[in-house]
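Shown next, in structure tokens, is the structure this report addresses.
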Amino acid sequence: DTVGTYTISYSAAFENMVKTVSRTVYVVDTQPPAIYLISNPDSYTLPGEPYREEGVSAYDDYDGDITDEIHSVEIDGIMYYALMPVSDNENGDCVLLKLEMDENGEEILSTIDDDDEFDDVADIFDDMFSEEIDYDAQN
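Okay, so the sequence shown: first residue is 19 according to the working numbering, each after it adds one.
Here it is in structure tokens:
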């Protein structure tokens, strides 16, 4: 149940012969982190006032609470989030999401499908962290 690489050895004996075989087993976490919007249903934005995002939280089965690994930036009134790599993300990829409204007016986090928009947002997060980050190809 613990993520990692393990070697298991098997032995068989028959009369005076002994054979040992080893096998490498990889235990991986295949579940992505869950990201949740924090919202107060009694909260509202007054007309003419800027919208204030209440935030997000994240939980990973392997790493637990990874909310501190989420970074955000507002670009032209749209909130974008970067979930930084966690220990069981073997590719070291950062995931980019944006806050949108669905057809029912509910807030949802979605991947960035437009290549140009994705590249622009990735560049902004790169500048924020002063390093180039590997981003998960989301489209």
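In this text, a Cβ means the ideal position worked out from N, Cα and C, and glycines have one as well.
Taking the alpha-carbon of residue i as reference, which of the options has the nearest alpha-carbon?
{"i": "D86", "options": "D94, S75 and M35", "result": "S75"}
{"i": "V39", "options": "D47, S27, V45 and A31", "result": "S27"}
{"i": "Y62", "options": "Y54, E72, L127 and Y80", "result": "E72"}
{"i": "T23", "options": "T42, V36, S29 and N34", "result": "T42"}
{"i": "I81", "options": "E92, N58, I56 and V46", "result": "Inspection of the sequence shows that residue 81 is occupied by Asp rather than by Ile. Answer by Cα proximity: V46."}
{"i": "D132", "options": "D145, C112 and A140", "result": "A140"}
{"i": "F136", "options": "N122, I93 and L55", "result": "I93"}
{"i": "L115", "options": "T20, E125 and I130", "result": "I130"}
{"i": "T25", "options": "D134, Y44 and N122", "result": "Y44"}
{"i": "G123", "options": "P59, N34 and S29", "result": "P59"}
{"i": "M146", "options": "D134, I53, I88 and E121", "result": "I88"}
{"i": "V113", "options": "G66, L64, P65 and I53", "result": "I53"}
Can you find the residues in the same chain that come closer than 7 Å, C-beta to C-beta, to residue i, ignoring five residues on each side of it along the sequence?
{"i": "S90", "result": "M97, Y98 and Y99"}
{"i": "P51", "result": "A76, Y77, D78, I84, L101 and V104"}
{"i": "E118", "result": "I126 and S128"}
{"i": "L55", "result": "V74, E125 and L127"}
For residue i, which beta-bridge partners are listed by DSSP?
{"i": "M119", "result": "E125"}
{"i": "I53", "result": "A76"}
{"i": "T23", "result": "Y44"}
{"i": "E92", "result": "M97"}
For residue i, which residues of its own chain have a beta-carbon under 6 Å away from its beta-carbon, when the five flanking residues on both sides are left out?
{"i": "S57", "result": "E72"}
{"i": "Q49", "result": "D79"}
Applying the 10 Å Cβ sphere with the 16-neighbour rule, what's the burial state of residue i?
{"i": "F143", "result": "buried"}
{"i": "V36", "result": "exposed"}
In chain order, what residues of the same chain lie with their CB nearer than 8 Å to the CB of residue i, ignoring the 5 residues before and after it?
{"i": "T20", "result": "V45"}
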